[in-house]
């Protein structure tokens, strides 16, 4: 293919006389990559040789080959015109709607399809086998049957192949007619679109947008979506008629599939769809020819460098993980295809010595420090040659082809293309800048290997922003992920260029691009492929007085995409079984959680049966502060992953979730009611409020503790014009000060350190002293804890009997589940917070999401207490 002579782009290119029409350089058609498994010669070496022979150095001239002749009519005008181009190529697969199960998976042969590339050669055998064996252990595993290009071209409707699988490819007498030939004859739309909007490329079914000339991002994406939907609607009925199955598109790249051409017998790896984005900057054409080839080359080659600066970030955000990373973190989370670099890669196009035309492969860089050579210590086997990330001017008047993207749903495509349009304008505005690829090696390898989980360093963020000539941030990029940085870059570009001429040409009325962390989405889908839908079990409480629930029915729908939700039946819960069933949950018997495997079990209070190693439990254990029975409680939890709500903390040690506010509020109301009158009716906030508003004698209230519960109690007092004396850990008084108040509300939180002991505020003997104190409400309820700061009673009060006399003329309120007196409100407030954290449960050990960090910190607290308990 043609190329610019190997010289710096700052040097003038060979001049082009506008009036003269250069003779097109003849280009041989690309050879289809058909791999014969028995072929002893490595197919990549052979392909590299073909590319060496094809990409011959010529002066930069128009490339016109058979494939692109159909587009030549776009350039028939003799007038001077401004042309720009936008197009998308999507290498895709179809699949059968009904998936196969782990029982089928265990029988598959690890062997490539007879016609296709053998991706097994990219994996070290032993770790690959170990990972696949791990997959077989997951009973919920599913995988699809792919329908590739060879199904159409080389098999008939009975799955008979055109030839036998032998050395001579002997014709198969049972073969009738290929699916492709039947559709050409019987399906008008198929015939119209074949070799235009739809072609076969290797083993994939490729869709290509046709209306690239002065297209917009919106029109380009709409065209791709429309042609794919129409194609499926026209072709799928034939597969149903032939009883071959229901044809659909994959909703993500599956990673491990079988092909219909192998009669569902072979396990295929790495069959990921791809997206290639073609972008040509506004260019003056005269007589259909580029008027200024020197300018055309310089602007597009500069754009290529800007694209290469953000390539690692884009791959970390939009790449498809290796499905095996779900069972073995040694495999890449960022991008399977780029890790293999079989036909695509990162930062491989050399804009200083550019070659125009369609480039597939280059020799593997000899530099041991090159990022690709750092994959040698991974489960992947490096190739002798690797792919290109970018193509420049691969045919007449074409600008840049972005080749490194794996397929992701088209709903996200518009915003990413808009980002590239903004980047294009930025490259035109700023021009050529210093760009040293060697500084990107660590960034690339980290983004490819770790994807959405990678946390970038300040130095890495500053490097990319400086190279892009964008402002660096004055503060630390603490926990910045590739997605965070890409969003920041996109926002900066949009603020600068949203109204620019180029942007209005290529994406008129552009809204700020809403980029997505699709790599995370894809990982979750692959996780579900391997593990199946994880069970989230709402455990029934053992205490019949406990009516609260950690998750309310109105929040179930938000979690169904992440979990299969099971609710243990309970006649005490404040929401009925039917309320959960109506929103999609499955009702199971009480105790179901005990025998569950690979499940997430949420409750409120302690369990009575031991948890297993495959379970993750969430509840209040009340065992980390030396409480009575702590050792026994920890023994029941020792084998599982346990997350205590009480230790779901921010980095500043602030609690994320609790019932403390409800406890403080209800406790304060009860204390005032007990002071105001002898009879305390069942709790009802509106009833209590109406009674207390008529209160004429207002008590002197001492509030010990001013955390979440204390603040809520104080808020109640303020409603009725009652001021409080507030004691905190920094300010307390004497015991007599306590006795001189009318009401004591004790709402402290014991320190996490079990060895930090504070003297009691009162002991039972103090209650016989002279006092005006007539009501004590113990919101903390630490009875049985050796560090209890209010050891004046030996049994709790209850919702049915909230007030007991602890001494003459001294009422005690000590209900250890105060929020249960208002269970619906308490549960809803708790559930509103908890539901935001639950989707992070399967990924808390790898996800950089702050919510995952909260869960992980709680688990780590549990581990440390377990270790301490073991040493004792």
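Numbering (my numbering), first residue to last: 528 to 1399.
Cβ atoms here follow ideal geometry from the backbone N, Cα and C, with glycine treated the same way.
Note that the structure is predicted; figures quoted are calculated from it, not measured.
C-beta atoms of residue i and residue j nearer than 7 Å
i	j	result
residue 1358	residue 1316	no
residue 1202	residue 1226	yes
residue 1363	residue 1376	no
residue 707	residue 687	no
residue 802	residue 617	yes
residue 962	residue 915	no
residue 1131	residue 1092	no
residue 988	residue 981	no
residue 919	residue 881	yes
residue 1188	residue 1171	no
residue 954	residue 829	yes
residue 1107	residue 1115	no
residue 1207	residue 1329	yes
residue 807	residue 612	yes
Counted within 10 angstroms of its Cβ, other Cβ atoms place residue i as buried (16 or more) or exposed
i	result
residue 934	buried
residue 705	buried
residue 835	buried
residue 711	exposed
residue 938	exposed
residue 1136	exposed
residue 1327	exposed
residue 946	buried
First and last residue of the uninterrupted alpha helix (DSSP H) at residue i
i	result
residue 1255	Careful: residue 1255 lies outside any alpha helix (DSSP H) and carries neither H nor E.
residue 871	Segment: none, residue 871 is in no alpha helix (DSSP H) and carries neither H nor E.
residue 1049	1045-1058
residue 932	Element bounds for residue 932: not the alpha helix (DSSP H) but the beta strand (DSSP E), 927-933.
residue 662	652-663
residue 975	968-977
residue 1364	1350-1364
residue 746	744-768
residue 1217	1212-1219
residue 1157	1157-1164
residue 956	940-957
Three-state class that DSSP yields for residue i in the structure shown
i	result
residue 1016	helix
residue 549	Only weak support is given to the placement of residue 549: the predicted model assigns it a pLDDT of 34, under 50, and the question is left unresolved by the model.
residue 1187	helix
residue 540	At residue 540, the pLDDT of 37 sits below 50, so the modelled position is not reliable; the number obtained from the coordinates is stated separately. It is coil, neither helix nor strand.
residue 1297	coil
residue 823	helix
residue 1241	helix
residue 723	coil
residue 1272	strand
residue 669	strand
residue 1386	helix
residue 1104	helix
residue 731	strand
residue 610	strand
residue 712	helix
residue 797	coil
residue 831	helix
residue 1392	helix
residue 527	Nothing can be reported for residue 527: it is not among the residues displayed for the chain, which extend from 528 to 1399.
residue 779	coil
residue 804	strand
Contact belief for residue i with residue j at Cβ below 8 Å, rounded distance in angstroms
i	j	result
residue 748	residue 724	Not confirmed; about 14 Å, so no contact.
residue 1273	residue 1232	7 Å
residue 1138	residue 1160	With 8 Å as the limit, residue 1138 and residue 1160 do not qualify as a contact, their Cβ atoms being about 11 Å apart.
residue 1293	residue 1266	7 Å
residue 1019	residue 964	Contact doesn't hold; Cβ gap of about 22 Å is too wide.
residue 862	residue 846	3 Å
residue 622	residue 775	6 Å
residue 1237	residue 1191	6 Å
residue 979	residue 860	7 Å
Span of the beta strand (DSSP E) around residue i
i	result
residue 1339	1337-1340
residue 1304	1302-1305
residue 622	621-623
residue 1091	1090-1095
Check: residue i C-beta below 6 Å from any heavy atom of the ligand MN
i	result
residue 610	Here there are no bound small molecules, and the ligand MN is not part of this structure.
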